[in-house]
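When we follow our numbering, the leftmost residue of the sequence shown carries the number 875, and every step to the right adds one. To start, the structure itself, in structure tokens.
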Amino acid sequence: MSASADIPLTVMDHRDPQLLGELMSAIEDVAVTGAFIGGAVVEEFEGEYADWCEVSHAVGVSSGTEALALALRALDIGPGDEVVVPANSFIATAEAVSLLGARPRFADVEEDTQLVSAATIEPALTPAVRCVIPVHLFGRTVEMAPIMQLASERGLRVVEDAAQAHGARYRGRMVGTIGDAGTFSFYPAKNLGAWGDGGALVTNRAEIAERVRLLRSHGESPRYHHRMVGTTGRLDALQAAVLRLKLRRLEEWNEDRRKLAEELRAALSSSAVAPPVAPALGCDHVYHQFVVRTPRRDALRDFLARKGIVTGIHYPIPIHRSDAYRALEQDRDVAPRASRLAGEIVSLPMFPGMAPEQIERIGDAVSQFSGEAARVPVLARS
Ligand SMILES: Cc1ncc(COP(=O)(O)O)c(C=O)c1O
875 MSASADIPLT
885 VMDHRDPQLL
895 GELMSAIEDV
905 AVTGAFIGGA
915 VVEEFEGEYA
925 DWCEVSHAVG
935 VSSGTEALAL
945 ALRALDIGPG
955 DEVVVPANSF
965 IATAEAVSLL
975 GARPRFADVE
985 EDTQLVSAAT
995 IEPALTPAVR
1005 CVIPVHLFGR
1015 TVEMAPIMQL
1025 ASERGLRVVE
1035 DAAQAHGARY
1045 RGRMVGTIGD
1055 AGTFSFYPAK
1065 NLGAWGDGGA
1075 LVTNRAEIAE
1085 RVRLLRSHGE
1095 SPRYHHRMVG
1105 TTGRLDALQA
1115 AVLRLKLRRL
1125 EEWNEDRRKL
1135 AEELRAALSS
1145 SAVAPPVAPA
1155 LGCDHVYHQF
1165 VVRTPRRDAL
1175 RDFLARKGIV
1185 TGIHYPIPIH
1195 RSDAYRALEQ
1205 DRDVAPRASR
1215 LAGEIVSLPM
1225 FPGMAPEQIE
1235 RIGDAVSQFS
1245 GEAARVPVLA
1255 RS
């Protein structure tokens, strides 16, 4: 990549010719067998992913959204039930609840981590809430112990949405393995990404794994004997082949993200932009996104775009204020902190293999922006 080329928000596999070659050959190996649905490759990936997550069961499914919906179904969540979800997450966390005819209750997030906590979940609890879904957003682990304590006191189930946090640990345990079940997305841009849609559910509870295995494939066992109403929710063999190969490099990629995050943090230290707070003791961060804050967010994005630095916003509209969910809350702002943060956050480029010159360019550009911002007269700033 030349010094002046745009710095993307993330990079996909086609930018790495060696990895691309290995993946093409893994795809070919599946194609020549003709086994596209289920089969050995899917089972091997499931076994390897379970081992990697240090959990008893991993079930491959068709997406992270499906993983959430099937986890909730396996826990018998349905119409009349309520499930607490963070106001700041990808909308899928709430959609999975709605898809089952249950109602999401939105919890606000902590100012510093931008994640839910026991303290922000508690006010969202109603007598109908049966489950909570903490989301390890951006790759940062939620402080789970007080949430597990709250759940046990109130008789609630816990499904961890780890779609953005493959391989992050909480007090030594892999995320996804702390609650009743954990769900992952393998959307291509994730820390572990497929070449299309894919997801997985992990659990130490055999009965949940067993139900999700049935549900993901029409409740079928054995062939054409349908024990329950299920769906087409399987992980396909081509995706499993891609994921198996990439899983071997995931720890190295996550380690690189952690290292790059520290370098970026240092590069921003003299700027007016707030880097992500350092992870608390026992709470890992695998930096799926590197999210900074500034009240002049849109101006910063424009400035960086002019310098060829691509940024993103995760997410510009909190779920409870989206068109899809606004009516549910009757326009009441049940998560004011998430609403305010949505106007200040911006995700900077973050991907394994980011070059030192790219970090330097980002740091210089943000510092320059901060210097120019400081010279803008206060009256003209609003
Ligand atoms: C936090 C979170 N939950 C759930 C999902 C849904 O995953 P998928 O896109 O694989 O359905 C995503 C995907 O972006 C996500 O980021």
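Quick reminder that beta carbons are idealized off the backbone N, C-alpha and C, glycines included. Since the model is a prediction, treat every value here as computed from it, not as a measurement.
Check whether residue i and residue j have beta carbons under 8 Å apart
i, j, result
"Thr994", "Ala976", "no"
"Cys927", "Val1033", "no"
"Leu989", "Arg1090", "no"
"Ala1055", "Val1160", "no"
"Leu973", "Val1006", "no"
"Ala1141", "Ile1233", "yes"
"Met1102", "Leu1088", "yes"
"Phe1012", "His1162", "yes"
"His1188", "Ser1221", "yes"
"Arg1118", "Glu918", "yes"
DSSP state of residue i mapped onto helix, strand, coil
i, result
"Tyr1044", "strand"
"Leu1253", "Caution is warranted here: a pLDDT of 45 is assigned to Leu1253, below 50, making its placement in the model unreliable, and no coordinate value can be reported."
"Phe1060", "coil"
"Pro1223", "coil"
"Pro960", "strand"
"His888", "helix"
"Arg1118", "helix"
"Gln1146", "With the sequence shown as reference, residue 1146 is identified as Ala, and Gln is not the correct amino acid for it. If DSSP states are grouped into helix, strand and coil, Ala1146 belongs with coil."
"Ser1196", "coil"
"Ser878", "coil"
"Arg1171", "helix"
"Asp1110", "strand"
"Ser991", "coil"
"Val1166", "strand"
"Arg977", "strand"
"Asp1130", "helix"
"Glu1017", "coil"
"Gly952", "coil"
"Ile1236", "helix"
"Ala1074", "strand"
"Val1032", "strand"
"Arg1211", "helix"
Proximity winner among the options, relative to residue i (alpha-carbon distances)
i, options, result
"Glu902", "Val1086, Gly1237, Ala1115, Val1160", "Ala1115"
"Pro1062", "Ile1007, Met886, Pro1190", "Met886"
"Ala1037", "Ile1219, Pro1008, Gly1029", "Pro1008"
"Ala968", "Val990, Leu942, Asp1071", "Leu942"
"Ser1241", "Thr987, Pro997, Arg1139", "Arg1139"
"Tyr1044", "Asp1158, Glu1094, Ser1213, Val971", "Asp1158"
"Ala1173", "Glu1246, Arg1123, Glu996", "Glu1246"
"Thr1015", "Lys1120, Pro1001, Asp986", "Asp986"
"Val1003", "Ser991, Val983, Arg979", "Arg979"
Residue i Cβ short of 7 Å to ligand 1 heavy atom set
i, result
"Ser991", "no"
"Asp1110", "no"
"Thr967", "yes"
"Val1160", "no"
"Asp1071", "yes"
"Leu1011", "yes"
"Ala1042", "no"
"Thr939", "yes"
"Ala1037", "yes"
"Ser963", "yes"
"Tyr923", "no"
"Tyr1061", "yes"
"Leu1075", "no"
"Leu1089", "no"
"Leu1215", "no"
"Leu1178", "no"
"Leu949", "no"
Next item on the list: For the region 1174-1192 and the region 931-951, state whether three or more C-beta atom pairs, one from each stretch, are separated by less than 8 Å.
Entry: no
Check: So, do the region 1019-1026 and the region 889-900 have three or more beta carbon pairs nearer to each other than 8 Å?
Finding: no
Next item on the list: Evaluate contact between the region 1059-1076 and the region 1142-1153, counting only Cβ atoms and requiring at least three cross-stretch pairs below 8 Å.
Entry: no
Next item on the list: Please determine if the region 1222-1242 and the region 1126-1135 are in contact, where contact requires at least 3 C-beta pairs separated by less than 8 Å.
Entry: yes
Notebook entry, point to check: So does the region 959-974 actually touch the region 1081-1093, counting three or more Cβ pairs closer than 8 Å?
Noted result: no
Checklist line | At least 3 beta-carbon pairs within less than 8 Å: the region 1188-1198 vs the region 937-949 | finding: no
Note to self: Any contact between the region 1097-1114 and the region 1202-1214? By contact I mean 3 or more CB pairs, one from each, below 8 Å.
What the structure shows: no
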